[in-house]
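Q: Take the sequence shown: its position 18, counted from the start at 1, is 18 in UniProt numbering, and no numbers get skipped.
For each residue, glycine too, the CB sits at the ideal point set by N, CA and C.
All values reported here derive from a predicted model rather than from experimental measurement.
Quick one: the structure is below, and I'll ask about it shortly.
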Amino acid sequence: MNNIFHTIQALWPEYTKSDKKVATFILDQQQNITNMTLADIAGEAGVSEGSVVRFLNKLGIKKLIDLKLSIAKSAEEKHPAEGALSAVVEEEFSDVVHNTASLMDPERLCRAVDLMEHSRQVYFFGVAVSGIAASTGENSFIRMGKPVHAILEGHMQMIAAAGLTEEDVVVVFSLTGNTRDTCEAAALARQQGARIISVTSYVNSQLARISDVVLQTFAKEEIINGGRITGLVSQLYVLDCLKREYNKRNRARTVRLKEEIGKAILSKKV
């Protein structure tokens, strides 16, 4: 398949005024297109949805998902890994932690921990890679004596959400903030009165809009790579900040509990 960016530029002389607006927007915002809807692109480019569809047809593209796949493939070709593999991984991990740290708002973090601390129980929602973050959240907070549950499947998230009340909190992990099953479960939980803390890269996403607190990650979800592990690293950074703040506030109780947990684990060793 031809590089989609080259194709867009090559057809420039044939474009209408609206086409040029769409083309310029796609070229300028290529990193964000994969997480946008047709309406989002039209609104940001200042054209109608029909104009976007006609532009895609000129590229030989029938559906928006095909454009997203083409952009993901072309971006992968455009930025090949250079240097020793270990150095590339080190740089990517270092960058994502640094950038996520720069987005961390201490007031929002404290507000999130306030909600968790005063809740009856905390649910962690996430699917796929984000499910690993959710599972880690359960493992971390159960060791500090907090009633917690990780739900990693969409249908079970809906079932759990239906039984929540205003005394409960749901921490939702989604890099895009637009994962359908998770967003639907979060919306139901909010409808039932639960408070929502979202951990997402997009503060204007569907998930962020229904959240009481948004904690922003830096990493972007990648279609072709199935979500690089750097996205998980960004989520785990935010989770560790939550855990440390919660632990600081409840140190006396958590220290005693950790000692008991340590004894229990040691008793299982042969």
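Using only CA atoms, which one of E260, Q192, L67, E245 lies nearest to M158?
A: Ranking the options by Cα distance to M158, first place goes to Q192.
Q: Applying the criterion that 16 or more other CB atoms from any shown protein chain within 10 Å of the CB defines a buried residue, is L236 buried or exposed?
A: Burial call: buried.
Q: Taking its Cβ as the centre, do 16 or more other Cβ atoms sit within 10 Å of A264, making it buried, or is it exposed?
A: The residue is exposed, with fewer than 16 neighbouring Cβ atoms inside 10 Å.
Q: Any idea if Q9 is buried or exposed, counting beta-carbon neighbours within 10 angstroms, 16 or more meaning buried?
A: Counting Cβ neighbours within 10 Å, Q9 comes out exposed, since fewer than 16 surround it.
Q: Nearest to V89 by CA position, among G231, R249, N57, is which residue?
A: Of the listed residues, the one whose Cα sits closest to V89 is G231.
Q: Going by DSSP, name the residue or residues bridged to A23.
A: In the DSSP output, where bridge partners are listed per residue, A23 has none listed.
Q: Kindly give me the distance between the Cβ atoms of A185 and I210, rounded to whole angstroms, as I take these residues to be in contact under 8 Å.
A: With a Cβ gap of about 11 Å, A185 and I210 do not count as contacting.
Q: What's the C-alpha gap between D28 and Y15?
A: If I take the Cα positions, the gap works out to 17 Å.
Q: According to DSSP, simplified to helix, strand and coil, what is Y202?
A: Coil at Y202, not helix or strand.
Q: What three-state label does DSSP hand H149 in the structure shown?
A: Three-state result, H149: strand.
Q: What does the alpha-carbon distance come out to for the pair Q30 and I71?
A: Looking at the two C-alpha atoms, the distance is approximately 7 Å.
Q: Run through the UniProt domain "SIS" (112 to 252) for me and flag every whole alpha helix (DSSP H) of 4 or more residues, listed as ranges in chain order.
A: Those alpha helix (DSSP H) runs which fall completely within the UniProt domain "SIS" (112 to 252) and span 4+ residues are 129 to 142, 154 to 162, 180 to 191, 206 to 209, 229 to 249.
Q: Give me the Cα-Cα distance between V214 and T182, rounded to the nearest whole angstrom.
A: Taking the straight line from one Cα to the other gives about 15 Å.
Q: If we count the other Cβ atoms within 10 Å of its Cβ and call it buried at 16 or more, is I151 buried or exposed?
A: Burial call: buried.
Q: Quick check: the Cα distance between Y202 and S267, rounded to an integer number of angstroms?
A: Taking the straight line joining both Cα atoms gives about 45 Å.
Q: What number of angstroms, rounded off, separates the C-alpha of D19 from the C-alpha of P147?
A: In a straight line, the C-alpha of D19 is about 54 Å away from that of P147.
Q: How close, in whole Å, do the beta carbons of G177 and S135 come, if the pair is a contact with beta carbons under 8 Å?
A: G177 to S135, Cβ: 20 Å. No contact.
Q: Rounded to the nearest angstrom, what separates Q141 and E44 at their Cα positions?
A: The identity of residue 141 in the sequence shown is Phe, whereas the question assumes Gln. Going from the Cα of F141 to the Cα of E44 covers about 40 Å.
Q: When we look at the beta-carbon of R195 and count the other beta-carbons within 10 Å, is it buried (16 or more) or exposed?
A: Buried is the call here.
Q: Hey, how far is the Cα of F125 from the Cα of E153?
A: Roughly 8 Å separates the two Cα atoms.
Q: Given this structure, state the Cα-to-Cα distance separating V169 from L85, to the nearest angstrom.
A: Those two C-alpha atoms are separated by around 41 Å.
Q: For V127, count neighbouring Cβ atoms within 10 angstroms of its own Cβ and tell me buried if that reaches 16, exposed if not.
A: The residue in question, V127, is buried, as its Cβ has 16 or more Cβ neighbours within 10 Å.
Q: In chain order, what residues of the same chain have a beta carbon less than 8 Å from the beta carbon of L109, not counting five sequence neighbours either side?
A: For L109, where only same-chain residues beyond five positions count, the Cβ hits under 8 Å are L215, C241, L242, E245.
Q: Which residue marks the beginning of the alpha helix (DSSP H) containing I33, and which one marks its end?
A: Counting along the chain, the alpha helix (DSSP H) containing I33 begins and ends at 30 to 33.
Q: Out of curiosity, what's the CA-to-CA distance linking S234 and F93?
A: Each residue's alpha carbon lies about 9 Å from the other.
Q: Note down the Cα distance separating I197 from R190, rounded to an integer number of angstroms.
A: Their backbone Cα atoms lie some 10 Å apart in a straight line.
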